[in-house]
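These notes concern the structure reproduced below.
Residue numbers (our numbering), protein chains in the order written: chain A, 1 to 413; chain S, 1001 to 1413.
The following block contains the structure:
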């Protein structure tokens, strides 16, 4: 197999034997399912559905299988997750309807008119804000990814699809007010070091955020991809901490308690810590390190010989993606993929590499390098440092095996 | 009234008398609808909805009025439009479910497995492509606005809301293949000057596109905001001509006929031409000129005294927005608004300006300047050139009147 031997896409043809029919062949097509009949397709012969027949639109019925990837057979779904179908998506944005979920006490049904945010603790003026109050502050919008820290866990690298493996990451344009603006309104006392955020869900999910992050790029978010947050993503208000692990981005936010010490809550002690080989545990490992995955071709898909674009997503909690390298020979050699512009800080970055597959079985994979120079590790490099007792913060390279049939499968499995 | 007399947002407080309650006041709140009870809100006392209870999510039931703006009482809805609720949206992206609609023969229900794109006429090799073929070409993603050329028509400047006036514009991240790549695959003959695009709807909507645009930034699009196109936006395939009037971006694309002359179809002769005062008509007025509108505060909304952020959207079919100026004194003086980064070519650009309203009735408005130096005109400047016989390509400034009560209303009406 070769890496696009005919030169860059702009200068070559892509048509593949048997993939495109000439016009002449169409007229003689025997079966409707192979080619359209020579006449008019039936959807042109009658008026279509009315304008406004969907005042809030939904996808085509032919896309009914592009849905959240919900694990089957769990004992309960109150504290669980569902994944974004990454292998079916393009670009860098995740539609709100397919944004990954992770809830610890189910999804509350909050009336925004009755919701309040309390800011108290080490502040000059404790505040209770309505949603109207919050929307009166100066607003900002930024495109950022959000990722669960267990994406995948060290135990769960045997999934079939890109979604099974890394579907607990999504990306959106978020709008809200800088957390710094609201904290300044309350007035931080000098001894303020942490801000303990609490959600209005049944789990009262609680996480401690360093005050430095709160005064940096942290946002109180009320809109996602243009519209108000969905209930699954924290309606009517959530924290957004660009680049920090998902559960710290507290949803359904009701309380910010400014403190000198962290809360040492359940989700930062019993959970969301990283067990090391020596028996110690790393705590407060906030930042999601650089990562990437090829989404097409990926597990359960099938390719044909000839031209295939390799495409996927890369991201880093530390800033911009600087480079994504792709190997089509099981890691022996690497080529730079093209990055979709604009490359945004702490956002998904789409990469693409033209490839011609000659039918030889192989393994393909990508690795991300971020602007700090950090290189996404292989799973063996990662476990050499972290051991196998860890659960969270697995950012290892995902290899995809391509069989002689063109079938693509998880290279870990 | 003054323009944020206390300096930039980062250095001042925004809390307004009566808008935020201190914590002490909360404990004594008498009515639940005014403030949360001192105890636990009821949505924290029971588990919320299950993970995966929506495999394709929808907005909160409390956002049920944020829907497409469908005109009432039309004789038919087959050839009609519905508008994006701009006044309820933030940022630069439009959720697919709220993307504006304009159909000429209703919305067809197309099976992508049976859909074909034919490319014929002045080409070396006529082609019939399946959707699988099209998805095998190298892909690109770009964020661009799309706008109907009658947004609003010269007759329809009396609506109440931002959506009524300018809701036939939306913005998304589009993914597809460069039209140039597909035309190169077929091989253009030297005499090829136009590409006539035909939709697979009941109207067989047909528009002629200059070959220069086809070889520049034109795309054949199959995905929008990450997922496949919605039926309303051309599923499974549409043309995207960044900056060109909406109906040229042919939806449900089935045919590209490469020609030496335009088709002179209905939608480029009887419709979508601009009647001038001297009785002539401008034809093939492709590009949507620079435009902007304040979306908050806007018609039917109500503001209170003190701090109010003024925010809205600006766009230009000729490239990037360079500047947006806002007047809070009926056009006497203008201030530069902040532009949300990144500012992208032929995309919606969010602008924001802090403002303190002292309760005096006034009129506020915005005007966009694009990178060519073009300045969005007032309605009187526009009609001085164009007269009042025109229907399409009204990009005039939209003034909003603010009454002493804080009620905001259309300044045209």
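Glycine included, every Cβ here is placed at the ideal spot set by N, Cα and C.
Within chain S, the C-beta atoms nearer than 8 Å to that of residue 175 of chain A come from 1090 and 1091, in chain order. As computed with DSSP, residue 1292 of chain S is found in a beta bridge with S/1314. No Cβ of chain A is located within less than 7 Å of the beta carbon of residue 1234 of chain S. Distance from the CA atom of residue 1284 of chain S to the CA atom of residue 1268 of chain S, rounded to whole angstroms, is 7 Å. Bounds of any alpha helix (DSSP H) do not take in residue 244 of chain A, whose DSSP letter is neither H nor E.
As DSSP reads the structure, residue 1043 of chain S sits in no beta bridge.
Sixteen is the threshold: since fewer than 16 other Cβ atoms of the shown chains lie within 10 Å of the Cβ of residue 1075 of chain S, the residue is exposed. Note that the region 1240-1253 of chain S does not touch the region 115-122 of chain A; fewer than 3 beta-carbon pairs, one per stretch, sit closer than 8 Å. For residue 208 of chain A, DSSP records a beta bridge to A/196. Out of S/1060, S/1338 and S/1136, the CA that lies nearest to the CA of residue 1351 of chain S is found in S/1338. Membership of residue 380 of chain A in the alpha helix (DSSP H) is indicated by the continuous run 379-386. The region 253-261 of chain A makes contact with the region 118-134 of chain A: 3 or more CB pairs, one atom from each, lie closer than 8 Å.
For residue 1370 of chain S, the enclosing beta strand (DSSP E) starts and ends at 1362-1370. Going by DSSP, residue 1135 of chain S is part of the alpha helix (DSSP H) stretching over 1131-1136.
The beta carbon of residue 201 of chain A sits closer than 7 Å to some beta carbon of chain S. Between residue 1353 of chain S and residue 1394 of chain S, the alpha-carbon positions lie close to 25 Å from each other. Non-local beta-carbon contacts of residue 379 of chain A in its own chain, meaning distances under 6 Å to residues more than five positions away in sequence, involve 396 in chain order. Per DSSP, reduced to three states, the secondary structure at residue 1123 of chain S is strand. Counting only Cβ-Cβ distances below 9 Å, residue 1068 of chain S has contacts in chain A at 51, 52, 54, 55, 56 and 57, in chain order. Per the C-alpha coordinates, the member of A/289, A/133, A/186 and A/222 positioned closest to residue 235 of chain A is A/222. A straight-line Cα-Cα distance of about 21 Å links residue 1051 of chain S and residue 227 of chain A.
Between residue 1364 of chain S and residue 1372 of chain S, the alpha-carbon positions lie close to 25 Å from each other. In this structure, residue 408 of chain A lies near residue 299 of chain A, with their beta-carbon atoms less than 7 Å apart. The CB of residue 1340 of chain S comes closer than 8 Å to the CB of 140 and 141 in chain A, given here in chain order. For residue 1118 of chain S, the beta-bridge partners assigned by DSSP are S/1128 and S/1255. Look at residue 43 of chain A: its C-beta is under 7 Å from a C-beta on chain S.
At least 7 Å separates the CB of residue 100 of chain A from every CB of chain S. The beta-bridge partner set that DSSP reports for residue 1353 of chain S consists of S/1310.
Taken through DSSP and simplified to helix, strand or coil, residue 284 of chain A comes out as coil. For residue 1295 of chain S, no CB of chain A lies under 7 Å from its own CB, so it is not counted at the interface with that chain. In terms of beta-carbon proximity, residue 1014 of chain S lines the interface with chain A, with at least one pair separated by less than 7 Å. Here residue 291 of chain A is buried. Its C-beta has 16 or more other C-beta atoms within 10 Å. Counted as a single uninterrupted DSSP element, the alpha helix (DSSP H) harbouring residue 163 of chain A occupies residues 162-166.
Distance between residue 237 of chain A and residue 1093 of chain S, taken at the CA atoms: about 19 Å. Shown in chain order are the members of the region 1073-1087 of chain S whose Cβ falls below 7 Å from a Cβ of chain A: 1077, 1078, 1080, 1081 and 1082.
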